[in-house]
Amino acid sequence: MKNKYLPRIADAKLELALQAMGAILIEGPKWCGKTSTAEHIAKSVLYMQDPDTFDENMLKAKTKPSLLLEGETPRLLDEWQVAPVLWNAVRFAVDKRQKTGQFILTGSVVPVRTDDMHSGTGRISRMKMRTMSLFESGESSGEISLEALFDGETEMFGKSKITLEQIAFILTRGGWPAAVKEKSEVLALKKASDYYEAVINEDISRIDNVEKNTDRVRSLMRSLSRNIATEAGTTTILNDLRANDEYLSQVTIDQYINALKMLFVIDDLSAWSPSLRSKTAIRTTAKRHFSDPSIATAALGATTKRLFNDFCTFGFLFEALCIRDLRVYADSLDGNVYHYRDAKGTEVDAIIQMKDGRWGAVEVKMGAGDIETAAENLLKFKANIDIEKMYEPSFLMVLTATETAFQLQNGVWVVPLGCLKN
Numbered sequence: 003m004k005n006k007y008l009p010r011i012a013d014a015k016l017e018l019a020l021q022a023m024g025a026i027l028i029e030g031p032k033w034c035g036k037t038s039t040a041e042h043i044a045k046s047v048l049y050m051q052d053p054d055t056f057d058e059n060m061l062k063a064k065t066k067p068s069l070l071l072e073g074e075t076p077r078l079l080d081e082w083q084v085a086p087v088l089w090n091a092v093r094f095a096v097d098k099r100q101k102t103g104q105f106i107l108t109g110s111v112v113p114v115r116t117d118d119m120h121s122g123t124g125r126i127s128r129m130k131m132r133t134m135s136l137f138e139s140g141e142s143s144g145e146i147s148l149e150a151l152f153d154g155e156t157e158m159f160g161k162s163k164i165t166l167e168q169i170a171f172i173l174t175r176g177g178w179p180a181a182v183k184e185k186s187e188v189l190a191l192k193k194a195s196d197y198y199e200a201v202i203n204e205d206i207s208r209i210d211n212v213e214k215n216t217d218r219v220r221s222l223m224r225s226l227s228r229n230i231a232t233e234a235g236t237t238t239i240l241n242d243l244r245a246n247d248e249y250l251s252q253v254t255i256d257q258y259i260n261a262l263k264m265l266f267v268i269d270d271l272s273a274w275s276p277s278l279r280s281k282t283a284i285r286t287t288a289k290r291h292f293s294d295p296s297i298a299t300a301a302l303g304a305t306t307k308r309l310f311n312d313f314c315t316f317g318f319l320f321e322a323l324c325i326r327d328l329r330v331y332a333d334s335l336d337g338n339v340y341h342y343r344d345a346k347g348t349e350v351d352a353i354i355q356m357k358d359g360r361w362g363a364v365e366v367k368m369g370a371g372d373i374e375t376a377a378e379n380l381l382k383f384k385a386n387i388d389i390e391k392m393y394e395p396s397f398l399m400v401l402t403a404t405e406t407a408f409q410l411q412n413g414v415w416v417v418p419l420g421c422l423k424n
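Numbering (this note's numbering), first residue to last: 3 to 424.
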């Protein structure tokens, strides 16, 4: 019996993209639901990694790749990067057919570019999928809409049903669709640890066919996890690892981090550079993030109980969860998420910017006790933005793990993560 498909926010974006372009490439970490989402709309499917047809498919790819493109459209080419020649074949077919909605390509690995690989510009559109947000998993009520906030809506209220205990569980379970659908909590939690072990023991060496030291990979992922949602540079990471591995070099660390990025395991948050009233220097270092916060909990061996015994780590992981959800929601609106920090120490956890220039600022605070300070910080930050060169913010928000969503008298929104949607 086929598993029930859980609707994704990316569904609408994929449908729209197929109406506009000849082919769509869906990228993202493995197990995040790319294939299921593509299967849901595809009329025919080619599974490149199917053991029963693998040798035959590879032979066709070497001799006449167009044979692999035959089938009702849109045709899904799952894990296409196994045969990189398919990229140029798809590009050529799109040019020849002059029709939209022909192919969907899915891949959980950034392929190594070859000299003869064309860019695909104008023929192949790209979209990124992440693990499931709390609204997609049914754990957020969705009473507060990010789109409505950008549109200036003020008459919104909501109540989150998610407790801190549930947030701790969600952090360790992750947003992997298979884990979300799993009725057994024990088995649901195992999905994240299985993903983590697969990355260490198989994927990271297979990505570029260069054998990696599994102990070093494990140590690296633990260090990245300890520094999640911070601006820790590679020097900090290297010094952390050299405590137990004195011969480890910067070159090796860079190679390992690059491999994790190619697997979409690492998903760092870039810095935002607005126009300011003052001459304050803006820091441009990215913040450390994984594609799903459960990767960090798996690396740290963090259980629900352990998170409650270490509220500092709990707070950083909660910020990572918020960033993951904000990215999912913003992406559906054609927006991007950044962080902000300047030389004077002013920080904002998330800046959401739309393509038309509108933007909103978000501070992440788990408890109610920090809301007032966070709101004041957002207002001070807003006052330093040069609104003659930029828009005023569409909204200021404190994103929390509390219960009730409301707007403060100063205009700042207080929104529980369990009330938010795109």
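Quick reminder that beta carbons are idealized off the backbone N, C-alpha and C, glycines included.
Residue pairing for H341: DSSP places it in a beta bridge opposite A273.
Restricting attention to S162, A403, L422, L107, the CA atom closest to the CA of L328 is found in L422.
Rounded to the nearest whole angstrom, the CA to CA distance from K263 to Q411 is 43 Å. Assignment of A352 by DSSP, reduced to helix, strand and coil, places it in the strand class. Per DSSP, L240 is one residue of the alpha helix (DSSP H) stretching across 236–243. If the five residues before and after A91 are omitted, its C-beta is found closer than 7 Å to the C-beta atoms of P67, S68, L71, all from its own chain and listed in chain order.
Contact between the segment 168–183 and the segment 129–145 is present: 3 or more CB-CB pairs across the two stretches fall below 8 Å. Contact between L401 and V364 is confirmed by a C-beta separation of about 5 Å, below the 8 Å threshold.
Between N241 and I172, the alpha-carbon positions lie close to 31 Å from each other. With 16 or more neighbouring CB atoms inside 10 Å of its own CB, C324 falls in the buried class. By the 16-neighbour rule on beta-carbons within 10 angstroms, Q21 is exposed. The continuous alpha helix (DSSP H) containing V182 extends over residues 179–183. Using a Cβ-Cβ distance cut-off of 8 Å, the segment 282–298 and the segment 16–36 are in contact, since at least three pairs of beta carbons, one from each stretch, lie closer than that value. The beta carbons of A170 and F318 sit no closer together than 8 Å. By the 16-neighbour rule on beta-carbons within 10 angstroms, K289 is buried. Taken in chain order, the complete alpha helix (DSSP H) segments of 4 or more residues contained in the segment 187–230 are 187–200, 216–228. One alpha carbon belongs to A150, the other to M368, and they sit about 23 Å apart.
Assignment of T299 by DSSP, reduced to helix, strand and coil, places it in the helix class. The continuous beta strand (DSSP E) containing V364 extends over residues 361–367. Sequence-distant partners of N338 (beyond 5 residues in either direction) whose C-beta falls short of 6 Å from its own C-beta, in its chain, are Q355. Under DSSP, the beta-bridge partners assigned to I28 are T108, M129. When C-alpha distances from Y331 are compared across G413, G144, T39, the shortest belongs to G144. Across the set L88, Q83, Y197, the C-alpha of L88 shows the shortest separation from the C-alpha of T65. Our two residues, R308 and L166, have alpha carbons roughly 13 Å apart in a direct line.
If only complete runs of 4 or more residues are kept, the segment 129–177 shows the alpha helix (DSSP H) at 148–152, 166–175, in order along the chain. At least 8 Å separates the beta-carbon of P86 from that of I106. A straight line joining the alpha-carbon of P9 with that of I297 spans about 23 Å. Closest in C-alpha terms to Q100, from the list V111, I126, E81, S280, comes I126. Within the segment 16–98, the runs of alpha helix (DSSP H) at least 4 residues long that lie entirely inside it are, in chain order, 36–41, 56–65. L319: member of the alpha helix (DSSP H) spanning 313–334, first to last residue.
In the structure shown, V253 falls within a helical segment according to DSSP collapsed to helix, strand and coil.
A407 has G160 as its beta-bridge partners, per DSSP.
Within the DSSP bridge table, the entry for V417 names L401 as partners. T108 places its beta carbon less than 8 Å from that of L78.
Judged by their CB atoms, T238 and N229 are nearer to each other than the 8 Å cut-off.
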